[in-house]
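Asks: Can you keep this structure in mind? I'll have questions shortly.
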């Protein structure tokens, strides 16, 4: 291949990585903002006599977005496998943008009464449906367009996008809380990042419309004639064991992510650390998560499950000591150190996780399989994280509630990783449990 052809191929690959990453960044940007500004959103749209009950109502609205994910995964994952990755990616960013717009401009409860919380719930449903299908189409597209020995590296761009979201959310919250008075931040300042998110929607939509369809999927659809378009696509049933494995793999991923998002509220509620200071840790977490391509590249060389198992075991071993230290020495320095330590361990886990999840399924059901595995795990485990921790703390006063949940998540995710590592030499004898598929 000539130098000019290689250069053109390199530009196209950079373009597709950018196009897919924009949607992932927007998904996490909106979900992270809702968690970060949970107190402000609770006061604006879910007022109650007890501030903690108001906060719980806000977290329930956050959970609605997660509950809508399986529906989005089912509908949009199947759509991506039958109509193409490009069509599904374009639709998902439009739905996400609609939800963002509603949250950005919705009047408060004092202005329009119960229409306010109802509007927020509708926005969360739209965002949940969009997010439910986003990751399946995105990871399928990245894995199918990447060189065979660089799938982990390409798929890790999703984690880089997530890191960028953490970074932007943390910077936004820190800058706004420093530049505005608490009253201004509570009244209108929290809406500013959502307006910025709308600009990302417009840019991302334009980029995604210019993508070319995934070549492996195009070949599959051509071989099937009109069957896929007529609703006779491949069934996910033969890959149910892979789906279960995917759900377990995502458990630690989603619980740790939601816990990191929850830390500013946890710091304010339990540790008595000022909220404007608690936001700083998210900026550093975002910077650390930018290292995901390094661990993904390592997994391309020595195997995904080995690298991920190291991260999962590390989290399990550090969960209790970390929270004991955090609660015995509650300070900004301790909080940031804890957040950064957890982020380093999660880089080992999440860097290879995107490719590992996509490689569980063949091309004809990849978007649906990835979307469902991710959405089911996020709905059951991720969405319950802030609500569960808050409820346990309210009822028992147990400051280690978060440690219990994080430890359990690490153990659940370590099970399939350890199982695959021990049985990889026998996996080829049982086709239903083969964990990697050629694109």
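In my numbering, the protein residues as written are 471 to 909.
Idealized CB from N, CA, C, for every residue including glycine.
Rounded to the nearest angstrom, how far is the Cβ of residue 565 from that of residue 600, given a contact under 8 Å?
Replies: Contact flag correct, Cβ pair sits at about 4 Å.
Asks: Enumerated in chain order, which unbroken segments of the alpha helix (DSSP H) with a length of 4 residues or greater are wholly contained in the region 816-860?
Replies: Listed in chain order, they are 836-847.
Asks: To the nearest angstrom, how far is the alpha carbon of residue 646 from that of residue 726?
Replies: Answer to the nearest angstrom: the Cα atoms are 25 Å apart.
Asks: Measuring alpha carbon to alpha carbon, tell me which of 596, 809, 604 ends up nearest residue 754.
Replies: With distances taken between Cα atoms, residue 754 lies closest to 809.
Asks: With DSSP collapsed to three states, give me the class of residue 793.
Replies: It is helical.
Asks: Among 590, 669, 598, 761, which one has its Cα closest to the Cα of residue 527?
Replies: Closest option to residue 527, Cα to Cα, is 590.
Asks: Going along the chain, which unbroken runs of the alpha helix (DSSP H) with 4 or more residues stay wholly within the region 678-736?
Replies: Within the region 678-736, the complete alpha helix (DSSP H) runs of at least 4 residues are 685-694, 710-736.
Asks: Alpha carbon to alpha carbon, how far is residue 891 from residue 778?
Replies: Using only the alpha carbons, I get a separation of about 11 Å.
Asks: Exposed or buried, residue 834, counting other C-beta atoms within 10 Å across all chains shown (16 or more means buried)?
Replies: So residue 834 ends up on the buried side.
Asks: Residues in its own chain within less than 6 Å of residue 851 by CB, not counting five upstream and five downstream?
Replies: 721, 724, 725, listed in sequence order.
Asks: Who are the near neighbours of residue 477 in its chain, counting only those whose CB is closer than 8 Å to its CB and skipping five residues on each side?
Replies: In this prediction, residue 477 scores a pLDDT of 49, lower than 50, which makes its location untrustworthy; the coordinate-derived value is nonetheless stated afterwards. Within the same chain, residue 477 has no close Cβ partners at all.
Asks: What do you get for residue 538, buried or exposed, if any count of 16 or more other CB atoms within 10 angstroms of its CB means buried?
Replies: That one is buried.
Asks: Check this for me: beta carbons of residue 494 and residue 676, under 9 Å apart or not?
Replies: The answer is no: Cβ separation not under 9 Å.
Asks: Let me know if residue 682 comes out buried or exposed under the rule of 16 or more other beta-carbons within 10 Å of its beta-carbon.
Replies: Exposed.
Asks: Taking the straight line between their C-alpha atoms, what separation do you get for residue 860 and residue 871?
Replies: Roughly 8 Å between the two C-alpha positions.
Asks: Kindly indicate the opening and closing residues of the alpha helix (DSSP H) around residue 513.
Replies: 508-515 is the extent of the alpha helix (DSSP H) around residue 513.
Asks: Would you mind sorting residue 692 into buried or exposed? The rule is 16 or more other CB atoms within 10 Å of its CB.
Replies: Burial call: exposed.
Asks: Taking residue 587 as the reference, give the member of 788, 517, 728 with the closest Cα.
Replies: Measuring from the Cα of residue 587, the nearest candidate turns out to be 517.
Asks: Could you say which of 559, 837, 869 lies nearest to residue 794 if we only look at CA atoms?
Replies: Ranking the options by Cα distance to residue 794, first place goes to 869.
Asks: With a threshold of 8 Å on Cβ separation, who are the neighbours of residue 806 within its own chain once the five nearest residues in sequence on each side are excluded?
Replies: Counting only Cβ-Cβ distances below 8 Å, and skipping sequence neighbours, we find 750, 751, 754.
Asks: For residue 923, which residues of its own chain have a beta-carbon under 8 Å away from its beta-carbon, when the five flanking residues on both sides are left out?
Replies: This structure leaves residue 923 out entirely; the chain is present only between 471 and 909.
Asks: Leaving out five residues before and five after residue 728 in sequence, what residues of the same chain have Cβ atoms less than 8 Å from its Cβ?
Replies: Answer for residue 728: 505, 852, 853, 855, 856, listed in chain order.
Asks: Just tell me which of 499, 507, 540, 534 has its CA closest to the CA of residue 713.
Replies: Answer by Cα proximity: 540.
Asks: Pick from 876, 885, 620: whose alpha carbon is nearest that of residue 772?
Replies: Out of 876, 885, 620, 620 has the C-alpha closest to the C-alpha of residue 772.
Asks: Taking residue 739 as part of the alpha helix (DSSP H), name the residues at either end of that continuous run.
Replies: Unbroken run through residue 739: none, as it is neither H nor E.
Asks: Alpha carbons only, please: which of 597, 514, 878 is nearest the one belonging to residue 585?
Replies: Selected option, being the one with the closest Cα: 514.
Asks: Ordered along the chain, which non-local residues of its own chain (more than five positions away) have a Cβ less than 7 Å from that of residue 550?
Replies: If we look at residue 550 and ignore the five residues flanking it on each side, its Cβ neighbours are 558, 603, 606, 607, 610, 837.
Asks: If contact is defined by three or more beta carbon pairs under 8 Å, each pair taking one atom from either stretch, is the region 796-804 in contact with the region 705-712?
Replies: Judged by Cβ distances under 8 Å, the region 705-712 makes no contact with the region 796-804, as fewer than three pairs qualify.
Asks: Am I right that residue 922 and residue 711 are in contact with their C-beta atoms under 8 Å? What's the rounded C-beta distance?
Replies: Since the first and last residues shown for the chain are 471 and 909, residue 922 lies out of range.
Asks: Alpha carbon to alpha carbon, how far is residue 498 from residue 635?
Replies: The alpha-carbon atoms of residue 498 and residue 635 are separated by roughly 6 Å.
Asks: Which value, in whole angstroms, describes the spacing of the CA atoms of residue 489 and residue 668?
Replies: Whole-angstrom Cα-Cα distance: 16 Å.
Asks: Apart from the five residues on each side of it in sequence, which residues of its chain come closer than 7 Å, Cβ to Cβ, to residue 484?
Replies: Once the five neighbours on either side are set aside, residue 484 has no close Cβ partner at all.
Asks: Comparing C-alpha positions only, which one of 534, 735, 657 sits nearest to residue 575?
Replies: Measuring from the Cα of residue 575, the nearest candidate turns out to be 657.
Asks: Buried or exposed: which applies to residue 876, given that a residue is buried once 16 or more other Cβ atoms fall within 10 Å of its Cβ?
Replies: Buried, because 16 or more other Cβ atoms sit within 10 Å of the Cβ of residue 876.
Asks: Grouping DSSP H, G and I as helix and E and B as strand, with all else coil, what is residue 549?
Replies: It is helical.
Asks: Considering only the alpha carbon of each residue, which of 616, 555, 595 lies closest to residue 573?
Replies: Measuring from the Cα of residue 573, the nearest candidate turns out to be 595.
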